[in-house]
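Using the UniProt record's numbering, read the sequence shown as starting at 1 and increasing by one per residue.
Beta carbons are placed, not taken as given, at the ideal position from N, Cα and C, and that holds for glycine.
Contents: one structure, followed by commentary.
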Amino acid sequence: MRRTLIFQNGASLAAAALKGYRHCPSLSKQHDPFRGNNLRSHSIATSTRLSSNGGSGIQLRPYQEESIASVLTSLAQGARRLGLSLATGSGKTVIFSHLIERVPCPTPDASQTLVLAHRRELVEQAARHITNLYPLKRVEVEMAEQHATGTGDITVASVQSITSGERLQKYDPKRFKLILVDEAHHIAAPTYLNILKHFNLMDKDAKTHTALVGVSATFSRADGLSLGSAIDHIVYHKDYVDMIDDKWLSDVIFTTVHSGADLSRVKTTAGDFQTGALSKAVNNDEINAITVRAWLSKAADRKSTIVFCVDLAHVASLTATFRQYGIDARFVTSDTPRQLRLERLEAFKTGEFPVLLNCGIFTEGTDIPNIDCVLLARPTKSRNLLVQMIGRGLRKYTGKNNCHVIDMVASLETGIVTTPTLFGLDPHELVNDADASAMKDVRDRRASEKEREEKASELSPQNSSQRRHLTGDITFTDYDNVNDLIEDTSGERHIRALSACAWVQIDEDRYILSDRSGDFITIKRSESESEVLFTGKLSDSFKTKSPYMRPRVIASSVTFEGAVSAADTFAKEKFSFEIINKHASWRRRPATQAQVDMLNKFRGENEKLTVETVTKGKAGDQITKLKHGARGRFGRLMAQKKKVQKGEDRKERWRELQKQQEVRVGRLQ
């Protein structure tokens with residue numbers, strides 16, 4: 001039997017960690033599927049399973065072995081709450097199933113494993129795979145009417161069921177070596193946290209021998225809740241773009257279609273469009289016809305198309321539109337009886353009809369490898385949802401050359417996430433039959449162009465009043481005075497498209513959200529990370545130069561959108577939403593005299609405002625800009641402008657000198 005040790009160059013920490021651990025009782029010779037092989041060797045990275053284990057002799061892919069080894073190494077170093085970031089289609093179930101055998105028992109009694117999932121399909125899939133892999137172990141299911149004993153070798157549980165009533169109490173934390181969480185981006189939800197608390201995994205400093213490993217393709221949450229409350233380290237990451245490059249996933253081509261749907265009035269809830277309002281915006285005869293015609297034009301020859309809709313009404317209408325064009329389209333929803341759902345899904349898998357519509361049923365944990373086209377009929381602001389939907393078509397399948405993703409992106413002015421976004425491109429990019437490699441090439445060219453721009457000028461191009469071109473020329477948005485600067489609302493348009501709150505941009509990379517109490521939240525944006533800070537106002541009893549407490553970091557995110565979501569979540573808990581809501585009715589009322597007097601201090605005699613000429617919301621935004629440095633920013637911009645102008649003047653003088661000394665070929669005058 002061949003064995004492969006990962007991290008051989010001095011990195012066999014996982015092997016070292018096994019010293020001192022006892023054999024699990026369930027891995028005695030009687031039960032050991034390796035029939036007496038030493039636990040220390042096969043616990044790290046055995047490439048091939050023997051038939052006595054009941055498995056199919058699966059040879060794990062290199063990245064699957066690497067991910068398992070990363071977990072074992074981290075456990076050896078004392079970490080206990082770990083995450084594996086693995087793309088849809090990477091075989092997450094295979095990975096965590098094999099991990100069960102390889103995590104050593106920390107005590108003689110702690111040999112049990114609990115696998116958690118939030119949907120029936122995921123529970124059934126995990127239980128089926130684990131049972132096939134470990135036929136000699138007692139695998140139990142805790143879900144709905146199925147009650148586990150709490151003493152099985154491996155228990156696969158529905159989160160909703162195990163937290164129902166007293167069912168969780170039968171699981172003794174001392175007997176569990178491992179808790180596995182599928183689709184672990186849900187792990188910050190209260191139901192999961194209650195389970196982790198039961199197993200002493202909520203307190204980072206608590207002495208517990210139980211390890212937690214969460215697996216997900218999308219380790220972020222639209223509501224801004226921190227996954228750090230449950231997971232300390234992401235120990236391995238394999239992006240789906242990398243997996244396409246490495247040929248582990250199907251090739252993919254993208255087409256974006258501007259449907260023209262008006263999303264300007266669709267509100268945002270928990271980081272994405274409000275479902276009912278979104279359905280009204282996109283579910284009409286005109287847009288449904290555009291969607292079907294786009295499919296006919298680009299994917300009529302595809303054998304298995306999955307369509308993601310907004311809600312049940314959208315599913316029904318779009319299915320009818322497909323059928324009106326002579327296409328055999330069927331649907332599955334949460335209301336579809338389970339037996340009928342299984343029958344339709346099986347018929348779709350065997351190619352009996354070409355188009356299957358759904359609304360949210362197949363976004364997670366669904367294995368339909370024959371899908372060769374994904375039609376995104378619902379716009380979204382959620383990167384997680386976009387990745388999950390596209391991921392349905394990325395599994396390899398015999399006879400499948402690639403998957404065509406058709407993205408009906410609607411309006412591009414409402415903060416939506418589109419397929420180009422996933423490659424680091426501007427969401428306004430429209431693509432036509434572009435494969436992943438081409439999208440990466442475009443991204444790389446954009447990155448190279450950005451580098452050239454940065455070398456061409458010392459001015460910052462990002463969210464600035466100066467915009468730099470590759471030629472080195474610089475154009476300005478001129479502010480004749482500080483009032484022009486504070487009245488400019490262009491900086492708020494992007495963040496207010498992402499947020500329901502009245503954020504104010506006060507500098508090139510800083511945004512402020514204020515409360516009437518004087519407290520405020522700041523988002524500081526950078527290329528590598530965006531940070532969210534809270535600053536509280538001190539009471540009047542404190543006699544200090546600064547009336548504010550020291551800012552404290554409340555969240556950070558690698559994406560600006562993630563930081564905005566986290567900041568909004570915190571703001572809605574800390575502040576009155578009526579005060580910070582960008583659509584609050586008070587914002588449209590006339591400004592108060594106190595606001596006008598404050599602003600007029602900085603205005604000339606011919607520029608004075610009155611309560612009739614400015615709204616309360618606009619006046620409040622302008623005062624926020626003044627309080628947080630608009631005058632200083634204006635001074636810096638003017639100094640920058642003068643510096644550039646001096647350079648231009650020198651160039652002009654040099655050009656005039658050159659003209660005077662120019663030598664022409666021809667007759668001398």
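Item                                                                                                                                : Value
Sheet register partners of cysteine 359 (DSSP bridge)                                                                               : DSSP, once it has assigned bridges, lists no residue as partnering cysteine 359.
Cβ pair threonine 107, aspartate 153 closer than 9 Å                                                                                : no
Helix, strand or coil at residue 676 according to DSSP, with G and I counted as helix                                               : The question about residue 676 has no answer here: the residues shown for the chain are numbered 1 through 669.
Continuous beta strand (DSSP E) assignments of at least 3 residues falling wholly in the segment 220–306                            : 233–238, 251–257
Proximity to arginine 341 [Cα-Cα], best of Asn606, Glu121, Gly562                                                                   : Glu121
Isoleucine 579 versus valine 596: straight-line alpha-carbon distance, rounded                                                      : 19 Å
Backbone secondary structure at glycine 391 - three-state DSSP                                                                      : helix
Histidine 583 - partner residues in DSSP beta bridges                                                                               : None; histidine 583 has no bridge partner.
Status (buried if at least 16 other CB within 10 Å, exposed otherwise) for tyrosine 325                                             : exposed
Serine 465 versus glycine 620 - alpha carbon distance                                                                               : Annotation note: pLDDT 44 at serine 465 (below 50); position unreliable, no value reported.
Whole-angstrom distance between valine 213 and alanine 79, CA atom to CA atom                                                       : 11 Å
Unbroken alpha helix (DSSP H) run spanning valine 553, endpoints                                                                    : Taken as a continuous stretch (DSSP letters only), valine 553 belongs to no alpha helix (DSSP H), being part of the beta strand (DSSP E) at 552–557.
Sequence-distant residues of its chain with Cβ nearer than 7 Å to lysine 174 (five each side left out)                              : Asp109, Ala110
Environment of histidine 583 [buried if 16+ CB atoms lie within 10 Å]                                                               : exposed
Proximity winner among Leu626, Met598, Gln593, His237, relative to valine 611 (alpha-carbon distances)                              : Gln593
Which of helix, strand or coil DSSP assigns to arginine 516                                                                         : coil
Beta-carbon proximity of leucine 116 to isoleucine 162, cut-off 9 Å                                                                 : yes
Nearest-angstrom beta carbon gap, glutamate 531 and alanine 563 [assumed within contact, 8 Å]                                       : 7 Å
Cβ neighbour criterion (16 or more within 10 Å) applied to residue 728                                                              : Any answer about residue 728 is impossible in this case: the structure gives the chain only from 1 up to 669.
Range covered by the alpha helix (DSSP H) that runs through leucine 72                                                              : 62–76
Top-ranked residue by Cα proximity to threonine 321, from Thr380, Ser229, Thr350, Asn284                                            : Asn284
Stretch pair the segment 94–105 + the segment 56–68: three plus CB contacts closer than 8 Å                                         : yes
Supposed close pair leucine 376, glycine 89 - CB separation, criterion 8 Å                                                          : With 8 Å as the limit, leucine 376 and glycine 89 do not qualify as a contact, their Cβ atoms being about 17 Å apart.
Beta bridge counterpart(s) of tyrosine 192 as assigned by DSSP                                                                      : Beta-bridge pairing links tyrosine 192 to no other residue.
Expected contact under 8 Å - CB spacing of lysine 396 and serine 250 to nearest Å                                                   : 5 Å
Runs of alpha helix (DSSP H) lying entirely within the segment 80–137, each at least 4 residues, in chain order                     : 92–102, 120–133
Cβ separation of tyrosine 192 and alanine 230, assumed to be a contact under 8 Å, to the nearest whole Å                            : 7 Å
Backbone secondary structure at phenylalanine 560 - three-state DSSP                                                                : helix
6 Å Cβ shell around methionine 243 - same chain, five flanking residues per side excluded                                           : Ala87, Leu249
Bounding residues of the alpha helix (DSSP H) (the contiguous stretch that carries methionine 408)                                  : Premise fails: methionine 408 lies in the beta strand (DSSP E), 402–408, not in any alpha helix (DSSP H).
Contacting residues, own chain, Cβ-Cβ under 6 Å from aspartate 178 (five flanking each side not counted)                            : For clarity, residue 178 is leucine in the given sequence; the question names aspartate instead. If we look at leucine 178 and ignore the five residues flanking it on each side, its Cβ neighbours are Val103, Thr113, Ala211.
Proximity winner among Leu196, Ser216, Ile523, relative to alanine 567 (alpha-carbon distances)                                     : Ile523
Beta-carbon contacts of glutamate 527 that lie in its chain and below 7 Å, excluding the five residues immediately before and after : none
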